[in-house]
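Before any comments, here is the structure.
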Amino acid sequence: MTTTTRTAATSFNPDSIVPATEAVPDALALDDRICTIGPTIEGDAPAVRLPYVAIAPAATITTEGREIPESTPGLSELVVRTVKVGLLTEVSREAYSYAQASASITDSARRSVTYKLDEILVAKKTTTNGTPGLAHLHGISETTATDYGLDPILDVIAKVADAGASPTAIILNFSTWAKLLQVKGTDGRGIIAPEVANAPAPQLFGIPVIINAATPADTVLVVDRGTIITSLGDVHADVADGDAFRRDSLQIRLTCRIGWGTFQPAQIGKVTFNTTGK
């Protein structure tokens with residue numbers, strides 16, 4: 001089979017192994033505002049060990065000229081099950097041979113895999129494969145509000161802070177963000193200032209806001225990157241004739257694995273806006 005290397009930066013080469021940081025760079029599991037990035041998953045490992053510091057080393061007051069006492073951190077590890085994500089799509093040989101079309105196809109595949117990885121991290125409901133998503137994790141700090149506003153978000157920030165967290169990101173989807181932007185104060189102005197709403201990297205209460213489509217509707221997540229550890233495997237990109245040979249087409253297959261865990265679920269916050277219950 002003749003292999004053609006594409007010059008487009010966004011296209012995968014046939015039958016290649018691409019580091020996750022290059023293949024799906026926008027995945028939430030690679031965002032250091034949300035999580036601590038752990039070791040790369042090797043092959044099809046069904047589980048992965050993610051090391052973390054359970055007890056931080058303690059600082060002490062030291063008299064000048066005296067020996068500084070050594071403080072040993074409490075090291076531990078999480079053993080989490082990994083989830084395999086796969087995508088198989090078919091394109092005509094003519095379409096794949098055209099460089100721009102090839103780049104477009106692989107961009108589409110890239111976005112699809114990225115969305116699924118994000119969905120696993122924030123929205124997955126069951127424990128059948130791996131850990132539930134952040135929004136459905138047992139033991140997190142939760143609050144429910146019947147009206148949209150910033151007070152419930154501030155309340156849950158306080159809850160996770162009381163549990164020892166230092167919030168590093170607020171995650172929500174665009175429809176939830178839009179509803180917050182529509183809320184007006186008593187003076188008729190939006191409770192979120194235009195300079196915040198229009199900022200390339202908006203913040204609320206000094207915490208970065210990350211807008212992601214995979215986050216459940218009417219839900220706001222508040223996380224501390226130090227309590228969430230993620231691990232991704234390399235993305236395997238394969239191209240073959242397979243059953244598509246009769247149709248003069250090619251099949252493109254992408255596969256990768258993700259695993260993640262947390263050792264302090266109470267340091268993860270969730271706001272649910274239940275406006276139908278009023």
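For the sequence shown, full-length UniProt numbering gives the first residue as 1, with consecutive numbering after it.
Ideal placement from N, C-alpha and C gives every residue a C-beta, glycine not left out.
Note down the Cα distance separating residue i from residue j, rounded to an integer number of angstroms.
i: D243; j: S92; result: 12 Å
i: D151; j: G185; result: 12 Å
i: H138; j: T272; result: 15 Å
i: S166; j: D234; result: 30 Å
i: T36; j: I207; result: 17 Å
i: K159; j: A178; result: 25 Å
i: E119; j: T62; result: 48 Å
i: A258; j: T275; result: Position check: residue 258 holds Ile in this sequence, whereas Ala was assumed. Those two C-alpha atoms are separated by around 34 Å.
i: K270; j: A135; result: 7 Å
i: A59; j: L28; result: 33 Å
i: I228; j: F263; result: 7 Å
i: D155; j: G190; result: 20 Å
i: A103; j: S175; result: 30 Å
i: P194; j: A163; result: 32 Å
i: L254; j: R225; result: 28 Å
For residue i, list the residues DSSP reports as bridge partners.
i: C256; result: V85
i: R93; result: DSSP lists no partner for R93.
i: P208; result: Q203
i: T276; result: Answer is none; T276 lacks a bridge partner.
i: A145; result: F273
i: I41; result: G233
DSSP on residue i, reduced to helix/strand/coil?
i: T168; result: coil
i: V239; result: strand
i: P69; result: coil
i: L28; result: helix
i: T2; result: Its pLDDT being 37, under 50, T2 is placed unreliably by the model, and the measurement read from it follows with that caveat. DSSP places T2 in coil when its eight states are reduced to three.
i: R33; result: coil
i: G226; result: helix
i: R49; result: strand
i: I61; result: coil
i: K124; result: coil
i: T114; result: helix
i: Q264; result: coil
Would you call residue i buried or exposed, if buried means 16 or more other Cβ atoms sit within 10 Å of its Cβ?
i: K124; result: buried
i: T131; result: buried
i: N212; result: buried
i: R246; result: exposed
i: G188; result: exposed
Using C-beta distances below 8 Å, list every residue in its chain close to residue i, excluding the 5 sequence neighbours before and after it, in chain order.
i: T21; result: L30
i: residue 289; result: For the chain, the structure presents residues 1 to 278; residue 289 sits outside this window and is missing.
So, for residue i: in the same chain, excluding its five sequence neighbours on each side, which residues have a beta-carbon less than 6 Å away from its beta-carbon?
i: T89; result: I252
i: residue 282; result: Nothing about residue 282 can be reported from this structure: the residues present for the chain run from 1 to 278 only.
i: A240; result: Q251
Can you give me the Cβ contacts of residue i inside the same chain, cut-off strictly under 7 Å, excluding the 5 residues immediately before and after it?
i: L50; result: G38, E77, L78, V80, I229, S231 and G261
i: P216; result: A123 and A135
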